[in-house]
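Chemist:
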Amino acid sequence: MTNRRQFLKSSAHSVGAALSLSTLPASIQRALAIPAASGSGTIEDVKHIVILMQENRSFDHYFGTLRGVRGFGDRHPVPLASGKSVLYQSDGEREIAPYHLNTQTTSALRVPSTPHSFSDAQAAWSQGRFGYWPKFKTEYSMGHYQREDIPFQFALAEAFTICDAYHCSITTGTDPNRIMFWSGSNADPDLRARGINCTETDAEVNNLRCWIKGALPEPGYTYAGSAFHWPTLPEVLERAGVSWRIYQDPNDNWTGAMHGGLAFESFRAAKPGSSLYDKGMSHWSLEQLAADVRSGSLPQVSWILPPMLWSEHPIPSSPIQGAEFTSHVLDALTGNPEVWSRTVFFQVFDENDGLFDHVPPPAPPSYTADGALAGKSTVSLAGEYLSDPDRKYLNPADTISGALRPWGLGPRVPMYVISPWSKGGWVNCQVFDHTSVAQFLEKRFKLHVPAISPWHRAVCGDLTSAFDFSHPNESSFPNLPPVKDSAAIVAEHSLRPKPVAPTMPEPLFQEPGMRRSRALPYELHVHARTQPQASQLTLTCHNTGRVGAVFHVYDQLHLDRIPRRFTVEAGKMLADDWLVRLDDGRYDVWVYGPNGFVREFRGVLKMSAEAHPEIDLKYDPANLAVHLIATNEGQRTATLGVRANAYRTDGPWNLHVPRGHRVTHKWSVIASQHWYDFTVTGEHFERRFAGRLENGAPSFSDPAV
Numbered sequence: 084m085t086n087r088r089q090f091l092k093s094s095a096h097s098v099g100a101a102l103s104l105s106t107l108p109a110s111i112q113r114a115l116a117i118p119a120a121s122g123s124g125t126i127e128d129v130k131h132i133v134i135l136m137q138e139n140r141s142f143d144h145y146f147g148t149l150r151g152v153r154g155f156g157d158r159h160p161v162p163l164a165s166g167k168s169v170l171y172q173s174d175g176e177r178e179i180a181p182y183h184l185n186t187q188t189t190s191a192l193r194v195p196s197t198p199h200s201f202s203d204a205q206a207a208w209s210q211g212r213f214g215y216w217p218k219f220k221t222e223y224s225m226g227h228y229q230r231e232d233i234p235f236q237f238a239l240a241e242a243f244t245i246c247d248a249y250h251c252s253i254t255t256g257t258d259p260n261r262i263m264f265w266s267g268s269n270a271d272p273d274l275r276a277r278g279i280n281c282t283e284t285d286a287e288v289n290n291l292r293c294w295i296k297g298a299l300p301e302p303g304y305t306y307a308g309s310a311f312h313w314p315t316l317p318e319v320l321e322r323a324g325v326s327w328r329i330y331q332d333p334n335d336n337w338t339g340a341m342h343g344g345l346a347f348e349s350f351r352a353a354k355p356g357s358s359l360y361d362k363g364m365s366h367w368s369l370e371q372l373a374a375d376v377r378s379g380s381l382p383q384v385s386w387i388l389p390p391m392l393w394s395e396h397p398i399p400s401s402p403i404q405g406a407e408f409t410s411h412v413l414d415a416l417t418g419n420p421e422v423w424s425r426t427v428f429f430q431v432f433d434e435n436d437g438l439f440d441h442v443p444p445p446a447p448p449s450y451t452a453d454g455a456l457a458g459k460s461t462v463s464l465a466g467e468y469l470s471d472p473d474r475k476y477l478n479p480a481d482t483i484s485g486a487l488r489p490w491g492l493g494p495r496v497p498m499y500v501i502s503p504w505s506k507g508g509w510v511n512c513q514v515f516d517h518t519s520v521a522q523f524l525e526k527r528f529k530l531h532v533p534a535i536s537p538w539h540r541a542v543c544g545d546l547t548s549a550f551d552f553s554h555p556n557e558s559s560f561p562n563l564p565p566v567k568d569s570a571a572i573v574a575e576h577s578l579r580p581k582p583v584a585p586t587m588p589e590p591l592f593q594e595p596g597m598r599r600s601r602a603l604p605y606e607l608h609v610h611a612r613t614q615p616q617a618s619q620l621t622l623t624c625h626n627t628g629r630v631g632a633v634f635h636v637y638d639q640l641h642l643d644r645i646p647r648r649f650t651v652e653a654g655k656m657l658a659d660d661w662l663v664r665l666d667d668g669r670y671d672v673w674v675y676g677p678n679g680f681v682r683e684f685r686g687v688l689k690m691s692a693e694a695h696p697e698i699d700l701k702y703d704p705a706n707l708a709v710h711l712i713a714t715n716e717g718q719r720t721a722t723l724g725v726r727a728n729a730y731r732t733d734g735p736w737n738l739h740v741p742r743g744h745r746v747t748h749k750w751s752v753i754a755s756q757h758w759y760d761f762t763v764t765g766e767h768f769e770r771r772f773a774g775r776l777e778n779g780a781p782s783f784s785d786p787a788v
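Start counting the sequence shown at 84; every next residue gets the next number (the numbering used here).
(1) Please report the straight-line C-alpha distance between Asn478 and Val169, rounded to a whole angstrom.
(2) For Phe155, name the three-state secondary structure that DSSP assigns.
(3) With DSSP as the reference, label Ser751 as helix, strand or coil.
(4) Per DSSP, Phe311 is paired with what?
(5) Do Pro677 and Gly765 have their beta-carbon atoms positioned less than 7 Å apart in this structure?
(6) Within 10 angstroms of its Cβ, does His554 collect 16 or more other Cβ (buried), or is it exposed?
(7) Between the stretch 128-147 and the stretch 490-499, are three or more C-beta pairs nearer than 8 Å?
(8) Taking 6 Å as the limit between beta carbons, can you name the residues of its chain near Lys92, skipping five residues before and five after?
(9) Between the beta-carbon of Ser484 and the beta-carbon of Phe783, is there less than 7 Å?
(10) Distance, Cα to Cα, Asn706 vs Ser751?
(11) Report buried or exposed for Ser378, applying the criterion of at least 16 other Cβ atoms within 10 angstroms of its Cβ.
(12) Would you identify the three-state DSSP class for Val288, choosing helix, strand or coil?
(13) Tell me, please, which residues DSSP counts as bridged to Trp327.
(14) Output the boundary residues of the beta strand (DSSP E) element that contains Gly686.
(15) What are the partner residues of His610, as DSSP defines its beta bridges?
(16) Please state whether the Cβ-Cβ distance between Arg742 and Asn715 is less than 7 Å.
(17) Taking Ala708 as the reference, which of His635, Arg726, Gln513 and His748 has the closest Cα?
(18) Alpha carbon to alpha carbon, how far is Pro272 from Ile279? Give it in angstroms, no decimals.
(19) Is it the case that the Cβ atoms of Ala457 and Pro472 are separated by a distance below 7 Å?
(20) Evaluate the contact criterion for the stretch 446-466 versus the stretch 141-160: three or more CB pairs, one atom per stretch, below 8 Å.
(21) Tell me whether Leu102 sits in a helix, a strand or coil according to DSSP, three-state version.
(22) Should Val583 go down as buried or exposed, given a rule of 16 or more other Cβ atoms within 10 Å for buried?
(23) Smallest Cα separation from Pro397: which of Glu321, Val422 and His199?
(24) Can you tell me which of Lys296, Leu369 and Phe350 puts its alpha carbon nearest to the alpha carbon of Thr338?
(25) Should Gly175 be labelled buried (16 or more other beta-carbon atoms within 10 Å of its own) or exposed?
(26) Counting Cβ pairs closer than 8 Å, one from the stretch 656-675 and one from the stretch 602-622, do we hit at least three?
(27) Using a 10 Å radius around the Cβ and a threshold of 16 neighbouring Cβ atoms, would you call Thr125 buried or exposed?
(28) Is the stretch 251-260 touching the stretch 201-213 in the sense that three or more CB pairs, one from each, lie closer than 8 Å?
(29) Please classify Asn737: is it buried, with 16 or more other beta-carbons within 10 angstroms of its beta-carbon, or exposed?
(30) Might you give, ordered along the chain, the residues of its own chain that have their beta carbon closer than 7 Å to the beta carbon of Asp760, omitting 5 neighbours on each side?
(31) Just grab the DSSP bridge partners of Lys637 for me.
(32) Using the Cβ count rule (16 or more neighbours within 10 Å means buried), how would you classify Thr106?
(33) Rounded to a whole number of angstroms, what is the C-alpha to C-alpha distance between Phe429 and Leu546?
(34) Return the CA-CA distance between Ala465 and Pro118, expressed in angstroms with no decimal places.
(35) Return the residue from the list Ser519, Gly214 and Pro234 that minimises the CA-CA distance to Phe264.
(36) Measure the alpha-carbon distance for Leu388 versus Glu178 and round it to whole angstroms.
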């Protein structure tokens with residue numbers, strides 16, 4: 084970990100050089116020093132939840148270079164149709180890899196906003212094929228910052244917990260994601276429950292319903308689009324007797340766009356004197372937030388809506404203006420140590436703008452152009468798609484699929500979990516999305532948000548794994564740099580030349596080093612079985628963990644095709660077949676799951692092969708070991724070679740598996756911080772197994788990144 088002296092030295096050559104680094108705000112010192120109020124040692128100790136959703140940044144754009152997260156040093160980037168990794172995108176003419184937005188020499192603090200509607204988002208994602216992000220999102224989509232450019236954001240990640248598998252909910256822009264965030268769905272959940280996929284009539288596809296005209300209290304708001312009618316989170320809280328408030332200036336909330344509740348009839352019809360109006364549509368300033376904290380009257384749940392200039396949106400805001408706003412919020416929340424000791428502060432971003440992220444979003448399976456479902460799910464997929472029969476919301480060049488498109492998940496966005504229970508520079512790698520904050524509210528207050536779909540509940544966690552409620556006060560952390568005068572700094576930077584993508588790809592960079600990593604609830608398996616007589620490969624995805632997961636399966640012999648995706652709930656399994664006769668019996672299937680889970684199955688089916696080995700991997704969490712289990716259903720002994728691809732320097736090993744026998748080889752994963760990566764080769768096949776063994780205890784990020 085970079086120590087304080089090194090951090091301040093590097094910051095002095097960055098945007099932070101314009102800031103005063105000689106002192107730290109007393110409120111920030113208190114935020115890091117105040118111990119958690121640990122009464123029960125459970126989530127019940129949380130008395131206040133504060134939520135700030137900022138604007139339009141992807142995870143790679145901010146944190147692709149941060150040590151100890153799944154960034155540009157990812158050992159297992161998914162493949163493109165070109166055969167290169169997903170990090171090498173094209174604008175249709177030239178290759179553009181991620182490049183540094185250098186704030187020392189250019190005006191990169193404020194980059195242009197990139198396209199981020201449903202049509203260009205779907206085209207860039209290409210149902211999981213990626214490939215042409217800058218073509219549909221401009222070259223700025225590939226720009227990213229480093230530590231010296233956004234020191235405050237990096238310091239927040241070093242001080243508290245960063246989630247590197249938090250995705251926006253919808254593959255599109257602001258309104259659909261904020262509506263999801265404020266209610267649990269962007270499409271009518273009643274229709275979904277009846278098995279009906281929504282159209283634009285009953286769902287938010289692009290920005291429409293939250294954008295208002297007028298002002299409050301007079302002459303009042305006027306709204307666009309029809310109103311939704313399912314309950315919002317404030318209404319769920321109100322009915323459960325949980326206190327809440329939205330801190331905002333209702334006339335400086337980006338003309339309503341920050342407020343997902345404005346898409347709903349309940350808010351639109353609210354009148355002065357009603358709970359929704361008084362607590363959710365009135366002016367409650369940051370000064371009032373600070374006063375409520377000081378007086379001990381902070382509600383149990385609070386949302387903070389940023390003004391436009393402080394929203395962190397690429398235009399007209401900036402990372403440093405967002406940092407200053409976050410600093411003001413932290414100043415307010417730490418004004419009363421007793422309140423802060425019982426508070427969780429979630430800061431997240433609504434969507435990625437058009438900014439690139441390399442991790443494939445977990446999503447329901449897509450449909451191929453001929454209408455076949457590319458994958459399967461053990462949980463209902465009803466209502467998880469937009470029905471757009473006239474292709475109104477699709478780019479004409481986007482023909483890889485038909486007019487029925489999965490809503491999401493979308494690309495990763497930053498999520499900081501800031502609290503006395505999450506300090507210490509941790510990473511959490513569980514899959515989350517905007518419904519996860521609602522699920523955290525459910526968990527804490529024992530209520531139910533009816534709009535969240537079964538698919539989201541299966542795949543997206545409730546954020547509790549980001550906390551240590553039992554031993555919260557055992558972490559250390561660096562200081563946060565102060566932030567002030569950001570508007571003046573941005574004005575100075577705007578005089579510099581604009582950043583441009585380099586003509587040749589820059590070398591990819593990620594800071595070396597590990598990060599403490601929270602225990603995850605995953606225990607995943609993929610088994611391969613070959614049937615030479617049927618020219619068939621069968622994969623079985625088995626989930627023995629405590630939460631559901633999405634497996635992405637790339638056919639590396641046909642990377643032009645949509646990857647198959649399999650959603651497998653906890654305790655369930657499903658199987659699918661690959662007919663390989665058209666490829667002369669060859670197969671090469673690459674499976675990608677959460678937190679570096681990778682399986683690869685390649686080979687050639689030989690009718691005359693006398694040996695017929697198969698390999699499985701078994702977890703041994705009690706002994707922190709993995710077992711490779713080889714069986715042989717053939718007619719003669721199989722000889723297998725095993726090599727470590729990372730983490731170990733011993734080997735290789737040879738396994739001899741007689742006909743009808745089973746041979747097991749065991750390796751400890753203690754020295755590798757629970758990570759493993761092995762390849763097994765035989766006469767006509769190869770199998771690779773990589774990932775992290777979970778045993779319910781914290782560990783570290785991938786030491787080989």
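All residues carry an ideal CB built from backbone N, CA and C; glycine is no exception.
Modeler: So, to answer that:
(1) Residue mapping note: residue 478 aligns to position 395 of the sequence shown, counting from 1. Residue mapping note: residue 169 aligns to position 86 of the sequence shown, counting from 1. One C-alpha to the other measures close to 21 Å.
(2) Reading the sequence shown from its first residue, position 72 is the one you call residue 155. The answer is coil: DSSP assigns Phe155 none of H, G, I, E or B.
(3) Locating residue 751 in the sequence shown gives position 668, counting from the first residue. Ser751: strand per DSSP, three-state reduction.
(4) Reading the sequence shown from its first residue, position 228 is the one you call residue 311. For Phe311, which the question treats as bridged, DSSP gives the partners Phe347.
(5) Looking up residue 765 in the sequence shown gives position 682. Looking up residue 677 in the sequence shown gives position 594. Going by C-beta atoms, Gly765 is not nearer than 7 Å to Pro677.
(6) Indexing the sequence shown from 1 puts residue 554 at position 471. Its Cβ having fewer than 16 others within 10 Å, His554 is exposed.
(7) yes
(8) Counted from its first residue, the sequence shown places residue 92 at position 9. Because the pLDDT of Lys92 is 38, which lies under 50, any placement of that residue in the model is unreliable, and the number read from its coordinates should be weighed accordingly. Around Lys92: no qualifying Cβ.
(9) Working through the sequence shown from its first residue, we reach residue 484 at position 401. Working through the sequence shown from its first residue, we reach residue 783 at position 700. No, the pair does not count as a contact, with Cβ atoms beyond the cut-off.
(10) The residue labelled residue 706 in the question sits at position 623 within the sequence shown. The residue labelled residue 751 in the question sits at position 668 within the sequence shown. Distance between the alpha carbons of Asn706 and Ser751 is about 8 Å.
(11) Walking along the sequence shown from the start, residue 378 turns up at place 295. Ser378 comes out exposed.
(12) Translated into positions along the sequence shown, residue 288 becomes position 205. Val288 falls in the coil class under three-state DSSP.
(13) To locate residue 327, count along the sequence shown from 1; it is residue 244. Paired residues: Val384.
(14) As a position in the sequence shown, residue 686 is number 603, starting the count at 1. Counting along the chain, the beta strand (DSSP E) containing Gly686 begins and ends at Val681 to Val687.
(15) In the sequence shown, residue 610 corresponds to position 527, counting from 1. Answer by DSSP bridge pairing, in chain order: Thr623.
(16) Reading the sequence shown from its first residue, position 659 is the one you call residue 742. Reading the sequence shown from its first residue, position 632 is the one you call residue 715. Yes, the Cβ-Cβ distance between Arg742 and Asn715 is below 7 Å.
(17) One-based indexing of the sequence shown puts residue 708 at position 625. It is His748.
(18) Working through the sequence shown from its first residue, we reach residue 279 at position 196. Working through the sequence shown from its first residue, we reach residue 272 at position 189. For Ile279 and Pro272, the distance between alpha carbons rounds to 9 Å.
(19) Translated into the one-based positions of the sequence shown, residue 457 becomes position 374. Translated into the one-based positions of the sequence shown, residue 472 becomes position 389. No, the Cβ-Cβ distance between Ala457 and Pro472 is not below 7 Å.
(20) no
(21) Taking the sequence shown and counting its residues from 1, one reaches residue 102 at position 19. Because Leu102 sits at a pLDDT of 29, beneath the cut-off of 50, its placement in the model cannot be relied upon, and the following sentence gives the value as read from the coordinates. In the structure shown, Leu102 sits in coil (DSSP, three-state: anything other than H, G, I, E or B).
(22) For the purposes of this step, residue 583 is taken as the residue at position 500 of the sequence shown. With fewer than 16 Cβ atoms within 10 Å of its Cβ, Val583 is classed as exposed.
(23) Within the sequence shown, numbered from 1, the residue matching residue 397 stands at position 314. If we check each option's Cα against that of Pro397, His199 comes out closest.
(24) Numbered from 1 along the sequence shown, position 255 holds the residue referred to as residue 338. Among Lys296, Leu369 and Phe350, the Cα nearest to that of Thr338 belongs to Lys296.
(25) By 1-based counting over the sequence shown, the position of residue 175 is 92. Answer is exposed; the Cβ neighbour count stays below 16.
(26) yes
(27) Against the sequence shown, residue 125 aligns to sequence position 42. Counting Cβ neighbours within 10 Å, Thr125 comes out exposed, since fewer than 16 surround it.
(28) yes
(29) In the sequence shown, residue 737 corresponds to position 654, counting from 1. Per the 10 Å Cβ criterion, exposed.
(30) Along the sequence shown, one-based indexing puts residue 760 at 677. If we look at Asp760 and ignore the five residues flanking it on each side, its Cβ neighbours are Ala727, Asn728, Ala729, Tyr730 and Ala773.
(31) Position 554 of the sequence shown, counted from the start, is the residue given in the question as residue 637. The amino acid at residue 637 is misidentified as Lys; the sequence shows Tyr. In DSSP, Tyr637 forms a bridge with Trp673.
(32) Translated into the one-based positions of the sequence shown, residue 106 becomes position 23. Note that Thr106 scores 35 on pLDDT, short of 50, meaning its location in the model is unreliable; the coordinates nonetheless yield the value given after this. Burial call: exposed.
(33) By 1-based counting over the sequence shown, the position of residue 429 is 346. By 1-based counting over the sequence shown, the position of residue 546 is 463. Taking the straight line from one Cα to the other gives about 10 Å.
(34) Residue numbering aside, residue 465 sits at position 382 when the sequence shown is read from its first letter. Residue numbering aside, residue 118 sits at position 35 when the sequence shown is read from its first letter. Roughly 45 Å separates the two Cα atoms.
(35) Numbered from 1 along the sequence shown, position 181 holds the residue referred to as residue 264. Closest by alpha carbon: Ser519.
(36) Taking the sequence shown and counting its residues from 1, the one referred to as residue 388 is at position 305. Taking the sequence shown and counting its residues from 1, the one referred to as residue 178 is at position 95. Cα-Cα distance, rounded: 38 Å.
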